[in-house]
Amino acid sequence: MPDIEELLALTSALHDHLCPRQVLGVRTGLLAARLFALDLPQADKRIFAFVETDGCYSDGLSVATGCWHGRRTLRLVDYGKVAATLVDTHTNDAFRITPQPAARDLACMQAHDAPDRWHAQLAAYQVMPDRDLLRAERVVLNVSMQAVISRPGLRVVCSVCGEEIMNEREVSHDGQLLCRHCAGVEPYYPPEPYYSVDATCGSLDLDRLHTAEQVGNA
Numbered sequence: 000m001p002d003i004e005e006l007l008a009l010t011s012a013l014h015d016h017l018c019p020r021q022v023l024g025v026r027t028g029l030l031a032a033r034l035f036a037l038d039l040p041q042a043d044k045r046i047f048a049f050v051e052t053d054g055c056y057s058d059g060l061s062v063a064t065g066c067w068h069g070r071r072t073l074r075l076v077d078y079g080k081v082a083a084t085l086v087d088t089h090t091n092d093a094f095r096i097t098p099q100p101a102a103r104d105l106a107c108m109q110a111h112d113a114p115d116r117w118h119a120q121l122a123a124y125q126v127m128p129d130r131d132l133l134r135a136e137r138v139v140l141n142v143s144m145q146a147v148i149s150r151p152g153l154r155v156v157c158s159v160c161g162e163e164i165m166n167e168r169e170v171s172h173d174g175q176l177l178c179r180h181c182a183g184v185e186p187y188y189p190p191e192p193y194y195s196v197d198a199t200c201g202s203l204d205l206d207r208l209h210t211a212e213q214v215g216n217a
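Just so you know, numbering that gives the first Met the number 0 puts 132 at position 133 of the sequence shown, and the rest follows in order with no gaps.
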């Protein structure tokens with residue numbers, strides 16, 4: 000297993016800097032390795048992570064665990080919390096790991112010579128004992144990991160928009176298979192396009208749109 004210095008160097012390279020939340024992400028991954036008694040970062044896909052915020056913390060966690068969006072071993076559940084639940088997909092054991100509520104204050108006490116709280120947290124989080132920095136609780140998931148991971152090669156086409164849907168994310172409605180957007184399941188963009196679709200070609204003329212934007216911005 001890499002030591003903390005190696006992992007911090009790797010996550011720092013992703014951001015061109017090192018911050019306290021990256022350290023928390025790395026420390027979370029190191030604690031998970033001990034809780035599961037596994038070597039991390041993983042080379043396979045045994046450990047799956049639900050991370051509750053994006054950004055620096057998530058990258059630190061990924062570097063330390065080997066759980067990445069691109070490998071389909073990490074999912075963002077956007078609670079806006081510095082927290083993650085790690086799951087052993089072989090056993091379904093799961094631990095949710097969060098910072099100790101008093102960690103910031105303890106960091107300032109430990110690194111009292113730091114110029115400010117941010118630098119105190121950056122320094123202290125790297126060396127504080129797990130018991131002072133993090134807390135872990137065993138949790139039971141109310142989602143199926145089999146459904147989350149799905150199976151490779153499964154694809155259907157949405158009956159409304161005609162776009163392909165992977166990983167069994169379709170919704171069945173009135174005998175049709177729909178994507179989550181067309182089914183109205185937490186759509187994040189409006190159903191109507193911002194620009195009219197060219198009916199003759201059935202798609203937006205991006206070249207013409209780009210030219211119109213340039214004229215409008217001139």
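Cβ atoms here follow ideal geometry from the backbone N, Cα and C, with glycine treated the same way.
Every value quoted in this text rests on a predicted model; they were computed, and no experiment measured them.
Residue i in three-state terms, based on DSSP
i: Ser-171; result: strand
i: Met-144; result: helix
i: Leu-176; result: strand
i: Met-233; result: The shown model of the chain, from 0 to 217, leaves out residue 233, and the question about it has no answer.
i: Glu-5; result: helix
i: Leu-73; result: strand
i: Arg-150; result: coil
Pair within 9 Å by beta-carbon distance, residue i and residue j
i: Gly-24; j: Gly-59; result: yes
i: Tyr-124; j: Ala-146; result: no
i: Arg-74; j: Phe-49; result: yes
i: Ala-63; j: Pro-40; result: yes
Selection from the options that minimises the alpha carbon distance to residue i
i: Gln-37; options: Phe-49, Leu-85, Val-22; result: One detail in the question is off: residue 37 reads as Leu in this sequence, not Gln. It is Leu-85 whose Cα lies nearest to the Cα of Leu-37.
i: Gln-120; options: Gly-174, Asp-104, Glu-5; result: Asp-104
i: Asn-166; options: Gly-152, His-172, Val-138; result: Gly-152
i: Ser-149; options: Thr-88, Glu-51, Ser-11; result: Thr-88
Same chain only: Cβ atoms within 7 Å of residue i, ignoring 5 sequence neighbours per side
i: Val-155; result: Ile-164, Glu-169, Leu-176
i: Val-22; result: Leu-7, Gly-59, Leu-121, Tyr-124, Gln-125
i: Pro-98; result: Leu-23, Val-81, Leu-132, Leu-133
i: Cys-178; result: Cys-157, Cys-160, Glu-162, Ile-164, Glu-169
i: His-172; result: Ala-182
Chain-order list of residues whose beta-carbon lies under 8 Å from that of residue i (same chain, five-residue window excluded)
i: Met-144; result: Phe-47, Val-86, Thr-88, Asn-91
i: Leu-17; result: Leu-7, Thr-10, Ser-11, Leu-121
i: Tyr-188; result: His-180
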